Every structure is written in structure tokens, then in C-alpha cells.
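Residues in the sequence shown are numbered from 0 upward in steps of one, following numbering that gives the first Met the number 0.
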Amino acid sequence: MKPALLGRAPQDTPAGKWTYLLLGLTFLLSIYPIYWMFVIATSTDAALAEIPPKFLPGGEFMKNLTEVFSLQDVYFAESLVNSVIVSTVVTVSVLFFCSVAGFAFAKLRFRGSRILMVMVVLTLTVPNQLGIVALYILMGYLPGEGGWNGSLLAVIVPGLVSAFGVFYMRQFILGAVPDELIESGRVDGATTMRIYWSIVLPAIRPALAVLGLLTFVGSWNDFQWPLITLGGTDYPTSMVALFDLASGNYVLYRRVLAGAFVATVPLIILLFVGGRQIVRGIMEGAVKS
0 MKPALLGRAP
10 QDTPAGKWTY
20 LLLGLTFLLS
30 IYPIYWMFVI
40 ATSTDAALAE
50 IPPKFLPGGE
60 FMKNLTEVFS
70 LQDVYFAESL
80 VNSVIVSTVV
90 TVSVLFFCSV
100 AGFAFAKLRF
110 RGSRILMVMV
120 VLTLTVPNQL
130 GIVALYILMG
140 YLPGEGGWNG
150 SLLAVIVPGL
160 VSAFGVFYMR
170 QFILGAVPDE
180 LIESGRVDGA
190 TTMRIYWSIV
200 LPAIRPALAV
210 LGLLTFVGSW
220 NDFQWPLITL
230 GGTDYPTSMV
240 ALFDLASGNY
250 VLYRRVLAGA
260 FVATVPLIIL
270 LFVGGRQIVR
280 GIMEGAVKS
């Protein structure tokens with residue numbers, strides 16, 4: 000190491016040319032699948048059959064997209080709305096319930112808290128696939144004609160809280176909120192929910208941003224359970240609609256990837272907007288650990 004760099008903070012150290020080169024290559028490798036998806040989404044069937052393939056976008060994107068939205072048995076426009084509803088409701092619910100539960104496990108003292116926390120962590124070791132059949136049967140017994148299977152409730156309700164979110168928020172609150180702040184709030188006469196709202200919540204905003212983005216992306220991309228409970232209905236999510244687009248004996252990949260590109264755009268915008276919060280939350284968690 001050069002003597003001039005000794006004792007200098009990482010953020011004050013300028014990046015070298017090899018760092019920029021490596022970052023540039025990583026960016027190109029990461030963005031290429033999205034670019035290639037857009038190229039196919041803007042092409043015609045004849046262009047896709049050419050050898051060598053074209054590497055520049057065509058001019059048929061709006062035509063391909065119009066065909067996707069006009070398909071009567073795919074419900075692609077409705078699926079985007081359904082995905083927004085499901086992902087938004089699940090994300091808001093997870094942020095609230097997981098932050099409250101994490102606060103309780105981290106700072107409140109009650110009987111059985113350690114055992115309950117161990118049980119929450121143990122649920123992370125059970126694959127979701129093992130509970131699919133039981134969940135489908137359970138949804139069939141719930142009130143309503145034929146139960147909740149085939150409705151958005153069957154997708155929303157099982158995801159209203161996550162074991163990972165509870166564990167993540169507990170760990171973050173342990174390091175981000177000193178016990179002295181909690182005690183000072185109690186001395187001032189604040190209730191438990193007041194302490195949560197006025198003291199804990201402002202301190203864990205970076206963690207909430209990280210958990211919210213991860214939850215929204217995971218809910219938007221969820222495929223297996225929505226396919227099982229919503230497949231063949233008029234209320235698919237975007238991933239189920241894309242599966243319907245790719246089904247059949249003859250698949251038009253320009254349609255499939257046009258739909259896939261549109262379904263990817265909200266996630267790209269969300270990650271661009273909240274990417275800084277993700278880095279900040281991860282870095283703050285690392286420093287506190």
C-alpha cells in the first residue's frame with residue numbers, strides 16, 4: 000500500500016482505472032439481459048429468424064405490446080394492476096407488522112419471547128414448497144364461494160408478515176435504538192406504541208427502505224403460489240400472465256418479451272429510486288454489527 004493512502008478513510012480514497020473498468024464490465028453484464036429482452040421485444044418474427052441476429056432494437060415495440068394487451072385470454076393489463084395491488088398491500092403490511100414485532104422482540108420483556116423468536120427463525124428453514132398443498136386446502140375452507148382460492152386474497156393474506164422481516168427488524172433495532180431512549184420515553188409517560196412511533200420508527204427508516212424494496216420485488220416476482228391459486232382465473236398477476244403468454248404449441252417470443260419488459264420496468268424504476276436507501280441500510284447495518 001502507498002504511504003499516502005495510510006490512515007485515509009475509504010470514502011476519501013479515489014478509485015483507480017481498474018476499479019472503473021471492473022465496475023463498467025459488471026454494469027454491462029448486468030444490463031445486457033434487459034437490453035437483449037428489449038431488442039427482441041422490438042423485433043418482428045422475420046428479424047428473429049435472421050442469422051446472425053441483430054443487436055440493435057427494431058421499431059415494432061408498440062405493435063407487439065398492443066398485441067399482448069389485446070389478447071383476451073391473458074388479461075395482461077389487469078395482471079399489472081393486480082400485481083401493483085398485491086405488492087403494495089403486502090409491502091405495507093410487512094413493514095408495519097415486522098417492525099412492530101421486531102421492536103417487541105428487541106426491546107420489550109415478556110414471557111416466552113426467546114422461544115417465540117427461535118420458532119420464527121426456525122420457520123426460515125422450512126421451504127415454502129412444503130406448505131403449498133396445505134395452504135391451498137386451507138384457502139378452500141375459508142368463507143366464500145369455493146373459499147379464497149382464485150381471488151387476490153389468497154395471494155395477499157399469506158404474505159402479510161414474513162419471518163425474515165421480523166428477524167431482520169429485530170437485529171436492526173437492537174443496534175439502532177439504545178435502551179436509554181426507550182427508558183427516557185417511558186419516564187416522559189409515553190405508551191409503548193408512542194415509543195414505537197416517535198422513537199423507534201425514525202431510527203429504522205433505512206432498514207424499512209431495504210425491507211420494503213426486497214418485499215415489493217419478491218411479491219412482484221412471486222410465481223409459484225399465484226400460479227396455483229390464480230391460474231385459469233380472470234385475476235392473474237403479471238408473472239402468471241407472462242406464463243400464459245409463453246404457453247402453447249407456438250410461442251411468439253416477441254410478445255412474451257414485450258410483456259416481460261413492461262413487467263420489469265416498475266422494478267427498474269423502484270430500484271433506481273430506492274437504490275441509495277438499500278446501500279445506506281446495508282452499510283448502517285454492517286457498521287452497527
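Where is the CB? At the ideal position from N, CA and C, for every residue including glycine. Values in this document were obtained by computation on a predicted structure and should not be read as measured data.
Inter-residue CB distance, residue i and residue j (contact presumed, cutoff 8 Å)
i: Ile172; j: Gly101; result: 5 Å
i: Gly273; j: Ala208; result: 6 Å
i: Tyr234; j: Ser150; result: 7 Å
i: Leu241; j: Val255; result: 7 Å
i: Gly23; j: Val93; result: Contact flag wrong, Cβ pair sits at about 35 Å.
i: Ser218; j: Val89; result: 5 Å
i: Phe109; j: Leu159; result: Not really, about 22 Å apart at Cβ, beyond 8 Å.
i: Thr236; j: Asn81; result: 5 Å
Close Cβ partners of residue i (< 8 Å) along its chain, the five nearest in sequence each way excluded
i: Lys53; result: Val38, Ser42, Ala46
i: Leu115; result: Phe104
i: Ser246; result: none
i: Val239; result: Ser78, Phe222, Pro225, Leu226, Leu229, Gly230
i: Asp44; result: Leu251, Arg253
i: Ile33; result: Phe260, Thr263, Ile267
i: Arg185; result: Ile194
Where residue i falls: helix, strand or coil (DSSP)
i: Gln71; result: coil
i: Lys287; result: Because the pLDDT at Lys287 is just 49, under 50, the model does not fix this residue reliably, and the point stays unresolved.
i: Ile157; result: The displayed chain sequence assigns Pro, not Ile, to residue 157. Three-state result, Pro157: helix.
i: Val250; result: coil
i: Ala245; result: coil
i: Val176; result: coil
i: Phe163; result: helix
i: Leu256; result: helix
i: Gly273; result: helix
i: Ser237; result: helix
i: Ser78; result: helix
i: Leu20; result: helix
i: Thr190; result: coil
i: Arg185; result: helix
i: Ser92; result: helix
i: Gln152; result: Going by the sequence as given, residue 152 is Leu instead of Gln. Note: Leu152 maps to helix in three-state DSSP.
i: Pro265; result: helix
i: Thr87; result: helix
Neighbourhood of residue i by C-beta, 7 Å cutoff - its chain only, sequence neighbours within 5 removed
i: Met138; result: Gly146, Trp147, Asn148, Ala153, Thr228
i: Tyr252; result: Ile39, Leu47
i: Lys287; result: Residue placement at Lys287 cannot be trusted, given a pLDDT of 49 that sits under 50; the coordinates are not used to answer.
i: Phe68; result: Phe75, Ala76
i: Val216; result: Leu266
i: Leu64; result: Ala257, Val261
i: Leu291; result: What the structure shows of the chain is the stretch from 0 to 288, and residue 291 is not part of that stretch, so it cannot be assessed.
i: Glu66; result: Arg254
Contacting residues, own chain, Cβ-Cβ under 6 Å from residue i (five flanking each side not counted)
i: Lys106; result: Ile181
i: Tyr195; result: Phe102
i: Val119; result: Ala162, Val165
i: Phe60; result: Ala40, Thr41
i: Ser98; result: Met168
i: Asp243; result: Val73
i: Arg113; result: none
i: Ile198; result: Leu180, Gly184
Q.
Counting beta carbon pairs with one atom in the region 130 to 146 and one in the region 67 to 80, are three or more of them shorter than 8 Å?
A. Result no; under three Cβ-Cβ pairs closer than 8 Å.
Q) Which parts of the region 25 to 65 are runs of the alpha helix (DSSP H), unbroken and 4 residues or longer, counting only runs that do not cross its ends? A) Segments of the alpha helix (DSSP H) lying fully in the region 25 to 65: 44 to 47.
(Q) Three Cβ pairs or more, each shorter than 8 Å: is that satisfied between the region 94 to 108 and the region 187 to 205? (A) Remark: three or more beta-carbon pairs, one from each stretch, lie closer than 8 Å, so the region 94 to 108 and the region 187 to 205 are flagged as touching.
Q) Okay, do the region 185 to 198 and the region 211 to 222 touch, 3+ Cβ pairs below 8 Å being the bar? A) No: fewer than three Cβ pairs fall under 8 Å.
**Q.** Cβ contact check for the region 251 to 261 and the region 117 to 126: 3 or more pairs under 8 Å
**A.** No, the region 251 to 261 does not touch the region 117 to 126.
(Q) When you compare the region 127 to 135 with the region 82 to 89, are there three or more beta-carbon pairs, one atom per stretch, that lie closer than 8 Å? (A) A contact is defined here as three or more CB-CB pairs under 8 Å, and the region 127 to 135 fails this definition with respect to the region 82 to 89.
Q: Ignoring anything shorter than 3 residues or poking outside the region 192 to 230, list the beta strand (DSSP E) runs there in chain order.
A: Complete beta strand (DSSP E) runs here, min 3: none at all.
Q) Which ranges does the alpha helix (DSSP H) cover as unbroken runs of at least 4 residues, wholly within the region 99 to 147, from first to last along the chain? A) Runs of the alpha helix (DSSP H) inside the region 99 to 147: 112 to 122, 131 to 140.
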